[in-house]
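One structure below.
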Amino acid sequence: MPDLVAHGVLAGLDEIADTGRDRRAGGYSRHLWQSADLELRAWFTERAERLGLNVEVDRNGNTWAWWGAPGSDAVVVGSHLDSVPGGGAYDGPLGVVSALEAVARLQAAGFTPGRPCAVLVFAEEEGSRFGVACLGSRLLSGAIDANRARALTDRAGITLGEAAATAGLDPAHLGRDQESLDRIGIFLELHVEQGRGLIDLREPLAVASSILAHGRWRLSFTGQGNHAGATPMTDRRDPMVAAAHAIVSVQQAALASPGSRATVGRIEAVPGGTNVIPSVVHAWLDARAETDAQARAVVAEITARVQAPHAGCSTSVVEDSWTSTVTFDPELAARLVRTLGGLPALAAGAGHDAGVLAARVPTAMLFVRNPTGISHSPDEFATLEDCVAGVEALDTLLRELL
Ligand code: HGY
Ligand code: MN
Ligand code: MN
308 MPDLVAHGVL AGLDEIADTG RDRRAGGYSR HLWQSADLEL RAWFTERAER LGLNVEVDRN
368 GNTWAWWGAP GSDAVVVGSH LDSVPGGGAY DGPLGVVSAL EAVARLQAAG FTPGRPCAVL
428 VFAEEEGSRF GVACLGSRLL SGAIDANRAR ALTDRAGITL GEAAATAGLD PAHLGRDQES
488 LDRIGIFLEL HVEQGRGLID LREPLAVASS ILAHGRWRLS FTGQGNHAGA TPMTDRRDPM
548 VAAAHAIVSV QQAALASPGS RATVGRIEAV PGGTNVIPSV VHAWLDARAE TDAQARAVVA
608 EITARVQAPH AGCSTSVVED SWTSTVTFDP ELAARLVRTL GGLPALAAGA GHDAGVLAAR
668 VPTAMLFVRN PTGISHSPDE FATLEDCVAG VEALDTLLRE LL
């Protein structure tokens with residue numbers, strides 16, 4: 308087995324291993340244009356420039372590292388460097404370091420690309436700061452309205468437009484970037500697998516076949532803020548109780564629709580004091596299913612259940628984002644499988660920038676086995692051997708596609 312640090316793939320992960328560690332949650336919290344993300348951007352630029360790549364940041368904060376001159380019909384390989392709160396080391400960064408390593412190997416072998424090639428790092432894939440996942444690819448492709456995006460706020464109330472300006476971008480230029488989009492001939496994303504598919508198949512790699520339909524909704528419960536000691540239990544309109552009831556309904560609605568998934572991973576009580584009955588509680592719903600119709604039906608069921616008045620509170624449900632079921636380009640997937648000498652196909656439960664781009668350009672994904680089957684957690688993992696298999700697969704694919 309090759310030595311861990313001597314090996315380029317994990318050397319890249321090793322170099323960023325201390326960036327954005329979250330002491331409270333464990334794992335990493337790397338959020339758009341905050342200190343860890345800025346450090347990772349600088350790291351990527353330095354890494355790419357060391358390979359002689361030309362680094363450009365586009366109008367939406369996505370970073371492109373061009374091998375040779377930028378141009379149309381390019382083969383673009385990439386992923387993201389941001390994380391969920393308390394995320395693992397591999398979700399995103401594995402795809403970025405593997406792409407850089409594949410380019411380094413091709414250069415070392417004296418390979419010259421016959422068409423433009425870039426390594427691309429998308430901004431805010433997880434939506435951890437501004438709430439909408441795959442924001443960089445949605446803005447680039449026009450899948451989100453620029454005015455809506457500019458007005459998104461983070462937990463401190465800073466708008467995306469303000470944050471973009473602080474990061475040196477012109478907020479007026481956020482939005483669909485046809486020129487950049489037109490350069491992509493093929494997009495490839497390598498990603499750590501986020502479930503148990505490859506464990507069960509006993510295979511190190513797979514090609515993606517599809518992504519579940521998925522979206523995010525904000526459920527808000529409004530009651531009466533009041534004193535925790537002075538207000539009798541029978542005289543309260545407590546939105547925390549309404550939210551608790553709703554969260555149980557979320558689980559019940561998804562269990563009643565086999566294959567669907569619905570999660571409340573974040574709640575916020577306003578104002579949020581131990582001795583204060585909240586006036587408002589927000590709960591964020593993430594719902595997914597194989598088809599758009601099934602995901603929509605689960606959310607409709609949840610909406611009906613949570614809107615029935617509970618604890619004297621009123622409820623609103625607002626859609627923050629939606630992505631239809633993605634089916635990856637079958638011809639490109641078949642080409643990958645042929646080139647790599649046979650690979651299983653895997654349906655993904657997680658969303659990806661590749662899924663957003665798939666609606667506009669031929670797109671494919673490679674998954675690398677995750678022996679814990681756990682993701683969005685510090686327990687996410689990939690072995691050195693499997694990471695090397697991923698880089699070798701990218702190397703082979705780039706030789707074929709370039
Ligand atoms: O939430 C997701 O599916 C992804 O990991 N961005
Ligand atoms: Mn993720
Ligand atoms: Mn990811």
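So the sequence shown is numbered by this note's numbering: it starts at 308 and just counts up by one. Each residue gets a CB set at the ideal place from its N, CA and C atoms; glycine is no exception. None of the values given here were measured: they were computed from a predicted structure.
- Per DSSP, the beta bridge partners of W591 are R525 and R573.
- If you draw a 10 Å sphere on the C-beta of L653, you find 16 or more other C-beta atoms in it, and that means buried.
- Out of L647, I609 and W340, the CA that lies nearest to the CA of A471 is found in W340.
- Proximity of the beta carbon of G393 to ligand 3 is not indicated: no heavy atom of the ligand is located closer than 6 Å.
- Ranked by how close their Cα comes to the Cα of V499, the residues D702, D380 and S682 have S682 in first place.
- C-alpha of D452 to C-alpha of T634: approximately 23 Å in a straight line.
- Beta-bridge pairing by DSSP links C694 to no other residue.
- Under the DSSP assignment, W350 falls outside any beta strand (DSSP E), being part of the alpha helix (DSSP H) whose first and last residues are S342 to R357.
- Taking 7 Å as the cut-off, the beta carbon of G395 is found closer than this to the beta carbon of P685.
- Distance from the Cα of W374 is smallest, within the candidate group A343, A349, R337 and L413, for L413.
- With distances taken between CA atoms, D321 lies nearest to W350 out of W350, G443 and S336.
- Note that the region 498 to 518 touches the region 663 to 674; at least 3 beta-carbon pairs, one per stretch, sit closer than 8 Å.
- If you draw a 10 Å sphere on the C-beta of E692, you find fewer than 16 other C-beta atoms in it, and that means exposed.
- Sequence-distant partners of T622 (beyond 5 residues in either direction) whose C-beta falls short of 6 Å from its own C-beta, in its chain, are F528, V613 and Q614.
- Ranked by Cα distance from H534, the first of G579, R422 and R445 is G579.
- Between the alpha carbons of V391 and L647 lies a gap of roughly 32 Å.
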